[in-house]
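Let me begin by presenting the structure, written as structure tokens, before commenting on it.
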Amino acid sequence: MRQAMGAVIRKDLRAITANKRLLIPMLAVPLVLTVFVPSIFLLVLHFMPEETGDMQRLLQLLPDSLREGSLEQLAVNTLMNYIMPVFFLVIPIMASSIMAASSFVGEKEKHTLETLLYSPLSLGQIFQAKVLASFCMSMLVSFLSFGAMLLVVEGEAFGLLGILLVPAPSWLAVLFLVSPGLTLLAVTLIVRGSAKAQTVEEAQQGAVFLVLPVLLLLVGQFTGFLLVSLWILLGLGAALLLLGVALLKRSLGRWQYERLLQ
Numbered sequence: 001m002r003q004a005m006g007a008v009i010r011k012d013l014r015a016i017t018a019n020k021r022l023l024i025p026m027l028a029v030p031l032v033l034t035v036f037v038p039s040i041f042l043l044v045l046h047f048m049p050e051e052t053g054d055m056q057r058l059l060q061l062l063p064d065s066l067r068e069g070s071l072e073q074l075a076v077n078t079l080m081n082y083i084m085p086v087f088f089l090v091i092p093i094m095a096s097s098i099m100a101a102s103s104f105v106g107e108k109e110k111h112t113l114e115t116l117l118y119s120p121l122s123l124g125q126i127f128q129a130k131v132l133a134s135f136c137m138s139m140l141v142s143f144l145s146f147g148a149m150l151l152v153v154e155g156e157a158f159g160l161l162g163i164l165l166v167p168a169p170s171w172l173a174v175l176f177l178v179s180p181g182l183t184l185l186a187v188t189l190i191v192r193g194s195a196k197a198q199t200v201e202e203a204q205q206g207a208v209f210l211v212l213p214v215l216l217l218l219v220g221q222f223t224g225f226l227l228v229s230l231w232i233l234l235g236l237g238a239a240l241l242l243l244g245v246a247l248l249k250r251s252l253g254r255w256q257y258e259r260l261l262q
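Position 104 (the sequence shown) corresponds to 104 in UniProt numbering; numbering is contiguous.
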């Protein structure tokens with residue numbers, strides 16, 4: 001059965017990578033968030049007059065323990081370790097919304113769902129394979145985006161400001177706990193919506209409500225209202241992983257052939 005599930009996962013991954021209409025937005029939006037946005041920030045910081053008070057007022061929101069060093073060092077550290085990590089909570093949801101939303105409804109539109117249902121897999125195993133395919137693709141996009149961000153932003157920070165960036169330990173919690181947990185939760189919910197939806201657009205609408213809390217967190221980071229500590233991230237990541245696994249297990253046994261074929 002694992003081989004059959006692996007075949008479904010590989011089929012979905014090949015389908016998304018071969019469809020440029022879906023693949024390009026999945027890659028372009030994360031690159032804009034992780035390369036273009038911080039590059040603009042660094043350019044503004046480089047050409048900004050040193051005596052300006054706008055950046056200083058923003059940095060005054062940081063705790064005293066984090067306000068050591070020059071203005072440029074503080075600004076770059078704030079960008080790297082307190083603003084950019086939140087983007088890596090938005091990226092997997094956006095990536096998963098593209099692939100997961102078309103998981104079942106895409107099969108309906110291509111008239112291949114009946115063939116998939118004739119496979120030796122149970123409905124729960126098919127659902128699990130769809131979730132894992134979207135999860136793997138979303139995490140791959142996240143890791144590729146992180147690599148591109150680190151390469152480009154490190155080069156620009158050193159070239160423009162003479163500063164080498166040091167990622168904080170919180171990045172480990174974001175990349176390996178919070179982001180996977182949030183992705184699993186989002187993918188499971190979106191795949192469930194895809195099974196009930198009649199079009200891909202209808203399935204994608206549900207993903208918007210999953211992005212809103214993360215966007216509020218991002219606003220909180222920009223305003224200084226919420227500076228998430230490492231321990232909060234570890235607890236949040238563990239909670240999201242447990243919730244995602246529980247939701248996936250609960251969803252596996254709730255499907256009927258008639259419900260999918262509607």
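Heads up, the beta-carbon is just placed ideally off N, CA and C, and yes, glycines get one too.
For Glu51, does the count of other Cβ atoms within 10 angstroms reach 16, so buried, or fall short, so exposed?
Model confidence at Glu51 stands at a pLDDT of 49, short of 50, so the residue's coordinates are unreliable; what they give is reported in the following sentence. So Glu51 counts as exposed.
Using a Cβ-Cβ cut-off of 7 Å (strictly less than) and excluding sequence neighbours within five positions of Pro85, which residues of its own chain qualify?
The answer, listed in chain order, is Ser170, Trp171 and Val174.
Per DSSP, what kind of secondary structure is Thr112 in: helix, strand or coil?
Reduced to three states, the DSSP call for Thr112 is coil.
Where does Pro169 sit, in a helix, a strand or coil, going by DSSP?
DSSP places Pro169 in coil when its eight states are reduced to three.
Taking C-alpha atoms, which residue in Ala15, Gln128 and Gln3 lies nearest to Thr112?
When only C-alpha atoms are compared, the closest one is Ala15.
Could you have a look at Ile93 and say whether DSSP puts it in helix, strand or coil?
Of the three classes helix, strand and coil, the one that applies to Ile93 here is helix, per DSSP.
Using 10 angstroms around the beta-carbon of Ser138, count the other beta-carbons present and answer buried if the total reaches 16, otherwise exposed.
Buried is the call here.
Taking the alpha helix (DSSP H) that Ala4 falls in, what are its first and last residues?
Run containing Ala4: Arg2 to Ala18, per the alpha helix (DSSP H) assignment.
So, is Gly6 buried or exposed, given that buried needs 16 or more other C-beta atoms within 10 angstroms?
Gly6 should be labelled exposed.
If you run the structure through DSSP and keep just helix, strand and coil, what is Gly155?
DSSP places Gly155 in helix when its eight states are reduced to three.
Between the C-alpha atoms of Thr34 and Tyr118, what's the straight-line distance to the nearest angstrom?
Their Cα atoms are separated by approximately 42 Å.
Are the beta-carbon atoms of Ala100 and Ile190 separated by less than 8 Å?
Result yes, Cβ atoms of Ala100 and Ile190 sit closer than 8 Å.
Between Pro120 and Ala4, how many whole angstroms is the CB-CB distance? I'm expecting something under 8 Å.
With 8 Å as the limit, Pro120 and Ala4 qualify as a contact, their Cβ atoms being about 6 Å apart.
What's the gap between the Cα of Leu23 and the Cα of Val29?
Taking the straight line joining both Cα atoms gives about 10 Å.
Go through its chain and collect everything with a Cβ distance to Leu230's Cβ below 7 Å, but skip five positions before and after it.
Excluding sequence neighbours, Leu230 sits near Pro169, Ser170 and Ala173.
What's the call for Leu89, buried or exposed, on a 16-neighbour Cβ count within 10 Å?
Answer is buried; the Cβ neighbour count reaches 16.
In the DSSP assignment, find the unbroken alpha helix (DSSP H) run with Phe41 in it and report its ends.
Where Phe41 is concerned, the enclosing alpha helix (DSSP H) stretches over Val37 to Phe47.
Rounded to whole angstroms, what is the Cα-Cα separation between Ser251 and Leu184?
In a straight line, the C-alpha of Ser251 is about 12 Å away from that of Leu184.
Between the Cα of Ser142 and those of Lys130, Gly162, Leu116 and Leu182, spot the shortest distance and give me the residue it belongs to.
Nearest option by C-alpha distance: Leu182.
Do you know whose CA, among Ala95, Arg2 and Ala75, lies nearest Met26's CA?
With distances taken between Cα atoms, Met26 lies closest to Ala95.
If we call anything under 8 Å between Cβ atoms a contact, is Val178 one with Gly237?
Result yes, Cβ atoms of Val178 and Gly237 sit closer than 8 Å.
Applying the 10 Å Cβ sphere with the 16-neighbour rule, what's the burial state of Phe36?
Per the 10 Å Cβ criterion, exposed.
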